[in-house]
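Chemist: Under our numbering, the first residue of the sequence shown carries the number 1314, and numbering increases by one thereafter.
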Amino acid sequence: MQIIFVTGISDYVFEGYSVSAVSYILKPVKEDKLFQCFEKAVENLNNEEPYIIVNEEGSTSKVCLSDICYIESYGHFSFIHTKLKEIKCSTGINQMEKQLNDKRFFRVHRSYIISVPWIVICGLDH
């Protein structure tokens, strides 16, 4: 999400930085300044790394696809294993597979989805 503040009050310009606003435009708005902000917002969106949104025990969080090592299904829950932590979420593995919709993920078992870039070794005895 990209935020552009358009206001007649300059007192809160520094608060805009706390929410990572693209810009803080003071009224009256100059058309060229507004279009520059739109272009910057679109560029930011195009450069954003793909992610999924997951519900994690009462909170919602964004998980970058490149951080996901594998996903494990257990009962009615999915466990997303990232390079830093394990995230327990109430999304089933079938729904998770649809959400991922990315060529780097492969469902290897009814209970597991793996991230191909994280594979280090592959063999019958591993």
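Ideal placement from N, C-alpha and C gives every residue a C-beta, glycine not left out.
Quick caveat: nothing in here was measured; it's all calculated off a predicted structure.
Give me the Cα-Cα distance between serine 1323 and proline 1341, rounded to the nearest whole angstrom.
Modeler: Using only the alpha carbons, I get a separation of about 12 Å.
Chemist: Just to confirm my understanding: we take cysteine 1382, look at its own chain, exclude 5 residues before and 5 after, and list those with CB closer than 7 Å. What are they?
Modeler: Taken in chain order, the residues that qualify are His1394, Thr1395, Lys1396, Ser1428 and Trp1431.
Chemist: With a floor of 3 residues, list each beta strand (DSSP E) that falls wholly inside the stretch 1322-1377, ordered by position along the chain.
Modeler: List check, beta strand (DSSP E) in window: 1336-1339, 1364-1369 and 1372-1377.
Chemist: Since cysteine 1402 sits in a beta bridge, which residues does DSSP pair it with?
Modeler: In the DSSP output, where bridge partners are listed per residue, cysteine 1402 has Ser1391.
Chemist: How would you write the range of the beta strand (DSSP E) that arginine 1420 sits in, first residue to last?
Modeler: First-last of the beta strand (DSSP E) with arginine 1420: 1418-1422.
Chemist: State the DSSP-derived secondary structure class of valine 1433, mapped to helix, strand or coil.
Modeler: Valine 1433 falls in the coil class under three-state DSSP.
Chemist: Do the CB positions of valine 1332 and isoleucine 1316 come within less than 8 Å of each other?
Modeler: Yes.
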